[in-house]
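Trainee: Take a look at the following structure, please.
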Amino acid sequence: MKLSREFFERSALIVAKEIIGKVLVRKVNGKILKGKIVESEAYIGDIDKACHAYGGRRTPRIEPLYGKSGIAYVYFIYGMYHCFNIITEKEGKAEGVLIRAIEPIQGIEEMSQNRYKDKYENLNNYKRKNLTNGPSKLAIAFGITKEDSWNDMIENEKFYIEDNNENEQIYIIEDKRIGIDYAEEAKDFLWRFYEKNNPYVSKS
DNA sequence: ACTACGATTAAA
DNA sequence: TTAATCGTAGTC
Numbered sequence: 007m008k009l010s011r012e013f014f015e016r017s018a019l020i021v022a023k024e025i026i027g028k029v030l031v032r033k034v035n036g037k038i039l040k041g042k043i044v045e046s047e048a049y050i051g052d053i054d055k056a057c058h059a060y061g062g063r064r065t066p067r068i069e070p071l072y073g074k075s076g077i078a079y080v081y082f083i084y085g086m087y088h089c090f091n092i093i094t095e096k097e098g099k100a101e102g103v104l105i106r107a108i109e110p111i112q113g114i115e116e117m118s119q120n121r122y123k124d125k126y127e128n129l130n131n132y133k134r135k136n137l138t139n140g141p142s143k144l145a146i147a148f149g150i151t152k153e154d155s156w157n158d159m160i161e162n163e164k165f166y167i168e169d170n171n172e173n174e175q176i177y178i179i180e181d182k183r184i185g186i187d188y189a190e191e192a193k194d195f196l197w198r199f200y201e202k203n204n205p206y207v208s209k210s
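Its first residue numbered 7, the first sequence is counted upward by one per residue in our numbering.
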């Protein structure tokens, strides 16, 4: 089942935690890509110096952060990469969840092509592990770009998040977020969540 | 117009 | 540890 608007219309902290284990679905060129979300981070504009929208900051790039829950916020970073977030809370509140790592479930051949222009069977173990174990790696594997910003993950039939049919119990680790050393006290917030021992987590 | 920087990654 | 690489935003 596709996740509802209500699921996302809560604090980014709650959503970031509960989204672990859920499944990202993307249909492109007649192919279906699926992956289990195994790592996430919460960003909350009101109180978080690491959030692009901290202090009510407002620019064209970050505008989706202020949009309604369930839309995508994809930004371009370091001149070559994209990062994919899902907006949480009501319209006007700048909160979102960064999807940092995914475990491939379906369409791994397509992901292998997108990442390495090669067949999965030709990849060494290092490359296999690095298909989707980072925010920009999974964006490449799933073909997500800023064109996807503003996409409504509730309405779209080709890009959304659904429940995991496996009813597995997941042990979730809470840790500091990655790559925000400039964010003063916010850098120590335990707003990163990941599945314990999952090999696709970017950094344990 | 000019400049500095970044929620990253891959290679060394 | 560092280079790669450029859109974005702030400054001039």
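Glycine included, each C-beta is placed from N, C-alpha and C at the ideal position.
What first and last residue would you give for the beta strand (DSSP E) that runs through LYS42?
Mentor: Residue 42 sits at position 36 when you count from the first residue of the first sequence. From DSSP, the beta strand (DSSP E) with LYS42 extends over 37-50.
Trainee: Distance check for SER10 and ASN162, CA to CA, integer angstroms please.
Mentor: The residue given as residue 162 occupies position 156 in the first sequence. The residue given as residue 10 occupies position 4 in the first sequence. In a straight line, the C-alpha of ASN162 is about 12 angstroms away from that of SER10.
Trainee: Taking the Cβ atom as the reference point for each residue, do ILE26 and ILE53 lie within a distance shorter than 8 angstroms?
Mentor: Stepping through the first sequence from its first residue, residue 26 is reached at position 20. Stepping through the first sequence from its first residue, residue 53 is reached at position 47. No, the pair does not count as a contact, with Cβ atoms beyond the cut-off.
Trainee: Between GLU127 and the ligand ADP, is the CB less than 7 angstroms from at least one heavy atom?
Mentor: This structure simply doesn't include the ligand ADP, nor any ligand for that matter.
Trainee: Assess, as a yes-or-no matter, whether the segment 35-42 is touched by the segment 76-91 under the definition of 3 or more beta carbon pairs within less than 8 angstroms.
Mentor: In short, these stretches do not touch, since the Cβ pair count stays below three.
Trainee: Should THR94 be labelled buried (16 or more other beta-carbon atoms within 10 Å of its own) or exposed?
Mentor: Numbered from 1 along the first sequence, position 88 holds the residue referred to as residue 94. The residue in question, THR94, is buried, as its Cβ has 16 or more Cβ neighbours within 10 Å.
Trainee: Going straight from the alpha carbon of GLU191 to that of ALA56, what length do you get?
Mentor: Locating residue 191 in the first sequence gives position 185, where the first residue counts as 1. Locating residue 56 in the first sequence gives position 50, where the first residue counts as 1. Distance between the alpha carbons of GLU191 and ALA56: 9 angstroms.
Trainee: Under three-state DSSP, which class holds ARG121?
Mentor: By 1-based counting over the first sequence, the position of residue 121 is 115. In the structure shown, ARG121 sits in a helix (DSSP, three-state: H, G or I).
Trainee: Find the nearest neighbour of ILE184 within the set SER75, GLN112, GLN119 and PRO141, judged by alpha-carbon distance.
Mentor: Working through the first sequence from its first residue, we reach residue 184 at position 178. Among SER75, GLN112, GLN119 and PRO141, the Cα nearest to that of ILE184 is on PRO141.
Trainee: Just how far apart, CA to CA, sit ARG63 and GLY51?
Mentor: One-based indexing of the first sequence puts residue 63 at position 57. One-based indexing of the first sequence puts residue 51 at position 45. One C-alpha to the other measures close to 8 angstroms.
Trainee: Does DSSP classify ILE186 as helix, strand or coil?
Mentor: Along the first sequence, read from residue 1 onward, the residue named residue 186 stands at position 180. ILE186 falls in the coil class under three-state DSSP.
Trainee: Alpha carbon to alpha carbon, how far is ASN120 from ILE105?
Mentor: As a first step, residue 120 is located in the first sequence; it is residue number 114 there, counting from the start. As a first step, residue 105 is located in the first sequence; it is residue number 99 there, counting from the start. Cα to Cα, ASN120 sits roughly 18 angstroms from ILE105.
Trainee: Suppose you measure from the CA of GLY113 to the CA of HIS58; what does that come to, to the nearest Å?
Mentor: The count along the first sequence starts at 1 and reaches residue 113 at position 107. The count along the first sequence starts at 1 and reaches residue 58 at position 52. Cα to Cα, GLY113 sits roughly 32 angstroms from HIS58.
Trainee: Straight-line CA distance for LYS135 to GLU127?
Mentor: The count along the first sequence starts at 1 and reaches residue 135 at position 129. The count along the first sequence starts at 1 and reaches residue 127 at position 121. Rounded to the nearest angstrom, the two C-alpha atoms are 13 angstroms apart.
Trainee: Specify, as a first and last residue, the run of the alpha helix (DSSP H) that ARG134 falls within.
Mentor: Counting from 1 along the first sequence, the entry for residue 134 is found at position 128. Run containing ARG134: 131-135, per the alpha helix (DSSP H) assignment.
Trainee: Does the separation of the CB atoms of MET159 and LEU39 fall below 8 angstroms?
Mentor: In the first sequence, counting from the first residue as 1, residue 159 sits at position 153. In the first sequence, counting from the first residue as 1, residue 39 sits at position 33. No, they are not a contact pair.
Trainee: Counting along the chain, where does the alpha helix (DSSP H) carrying VAL21 start and finish?
Mentor: On the first sequence, residue 21 is found 15 positions in, with the first residue counted as 1. Note, VAL21: alpha helix (DSSP H), 18-24.
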